[in-house]
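Q:
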Amino acid sequence: MGILYADAVIPVSPSYAEEILTPEYGFGLDPVLRQFAVKIHGILNGIDRKIWTPEKDPLFDVHYSTESVQKGKKHYKRKFQKDTEKTPWIGAVSRLVPQKGPALLEEALYTTLKLNGTFLLLGSSPIPQIQEQFYKLQVKYKGHPQVFFHFEYEETLAHEMYAALDYLLVPSKFEPCGLTQMIAMRYGTVPIVRKTGGLKDTVFDCEDSRISVDKRNGFVFEAFTADSMNHTLQRAFDLFRFNPNTYHSLVRKGMLSDFSWDKPAEAYCKLYRSLELVRQQSR
């Protein structure tokens with residue numbers, strides 16, 4: 062009923078606004094959404110710059126900027142593991158639910174170790190079978206210097222992980238907006254994401270010649286499969302090891318990106334003003 066009588070329907074990203082018109086992502090509402098597609102306006106969420114800022118993070122004991130990001134990352138890496146600073150660090154801050162691709166996260170653990178990287182995971186699952194599988198992985202890799210699991214969300218730990226990682230992995234099956242990729246870039250961590258929803262609108266593959274160089278800020282894979290993800294992980298690790306200048310340019314580009322609420326707020330206000338104008342004209 063809300064869709065029928067609303068003046069506007071606002072999904073939290075332009076790409077998700079298109080995806081919900083399809084049977085795959087409409088979850089039974091797609092016929093209604095297609096009927097009223099003219100009402101749908103996708104607007105990205107933003108992040109709070111007062112909370113998510115490495116220069117002034119209230120939870121940090123050491124702050125850093127674009128000029129000192131490597132020093133800052135080295136400091137926060139030592140809070141997790143002491144002997145693997147030179148390997149690429151990849152991780153996820155995520156709920157372990159089917160939407161977020163827990164099976165792909167498990168596969169990423171294996172691939173990361175094969176590529177001699179370090180894997181970190183902060184997250185838990187409300188689904189017993191999924192949580193049990195990750196408990197088993199924690200036991201299997203207990204004491205491994207290149208594996209870190211933590212299943213209880215802690216705000217300070219989350220901030221420190223964003224700072225410590227070289228890459229953040231977001232292998233979502235679908236993602237209305239996603240905030241972790243925005244936060245990661247703010248902290249100098251390069252995102253590796255699946256091309257869906259808000260991830261598609263905020264992360265652009267650094268090797269995609271169809272995209273202007275100034276927009277390329279991460280790594281993107283298309284299929285929701287281990288093969289597609291693993292190929293992209295290999296590309297990311299190769300860049301980190303063999304083309305550090307390009308990697309560091311991605312870090313800087315991400316840190317300077319504006320993912321604040323300024324632009325979304327402006328878009329909301331513009332939409333509301335247009336709706337009010339339509340109402341006035343219809344009186």
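When we follow the working numbering, the leftmost residue of the sequence shown carries the number 62, and every step to the right adds one.
Backbone N, C-alpha and C fix where the C-beta goes; we use that ideal spot for every residue, glycine too.
1) Use the C-beta contact count for P232: other C-beta atoms within 10 angstroms, 16 or more gives buried, fewer gives exposed.
2) Since T179 sits in a beta bridge, which residues does DSSP pair it with?
3) Can you name the residues that DSSP bridges to P75?
4) Expressed to the nearest angstrom, what Euclidean distance is found between the alpha-carbon atoms of Q160 and L94?
5) How long is the line joining the alpha carbons of T307 and K276, rounded to whole angstroms?
6) Can you name the start and end residues of the beta strand (DSSP E) that I253 belongs to?
7) Could you tell me which whole alpha helix (DSSP H) segments of length 4 or greater appear in the stretch 190 to 242?
8) What are the start and end residues of the beta strand (DSSP E) that includes V281?
9) Would a C-beta distance cut-off of 8 Å place Q142 and P75 closer than the cut-off?
10) Given 8 Å as the limit, is there contact between the stretch 107 to 126 and the stretch 189 to 207, that is, 3 or more CB pairs closer than that?
11) Tell me which residues share the same chain as M316 and place their Cβ nearer than 6 Å to its Cβ, disregarding the 5 neighbours each side in the sequence.
12) Where does the unbroken alpha helix (DSSP H) through Q96 begin, and where does it stop?
13) For K175 and W150, what's the separation of their Cα atoms in angstroms?
14) Less than 6 Å between C-beta atoms, sequence neighbours within five positions excluded: which residues of the same chain meet that for R247?
15) Pairs of beta-carbons, one from the stretch 212 to 232 and one from the stretch 168 to 186, closer than 8 Å: are there three or more?
16) Use the C-beta contact count for S305: other C-beta atoms within 10 angstroms, 16 or more gives buried, fewer gives exposed.
17) Report the partner residues of D266 according to the DSSP bridge assignment.
18) With V274 as the anchor, note down where its alpha helix (DSSP H) starts and where it stops.
19) Please classify I108: does DSSP put it in a helix, a strand, or coil?
20) Sort out for me which residues DSSP pairs L64 with in a bridge.
21) CA-CA distance, D122 and L170?
22) What does V70 pair with, by DSSP beta-bridge criteria?
23) Report back the beta-carbon spacing between F320 and G107 to the nearest angstrom; my notes put them in contact at under 8 Å.
A: Put simply:
1) buried
2) W150
3) P75 pairs with nothing; no bridge assigned.
4) 21 Å
5) 14 Å
6) V251 to R255
7) 216 to 225
8) F280 to F282
9) no
10) no
11) T127 and G249
12) D91 to Q96
13) 13 Å
14) W113
15) yes
16) Note that residue 305 is Pro in the sequence shown, not Ser. Exposed.
17) G279
18) Element bounds for V274: n/a, residue is neither H nor E.
19) coil
20) With the sequence shown as reference, residue 64 is identified as Ile, and Leu is not the correct amino acid for it. The partner list for I64 (beta bridge, DSSP) is empty, contrary to what the question assumes.
21) 29 Å
22) I101
23) 6 Å
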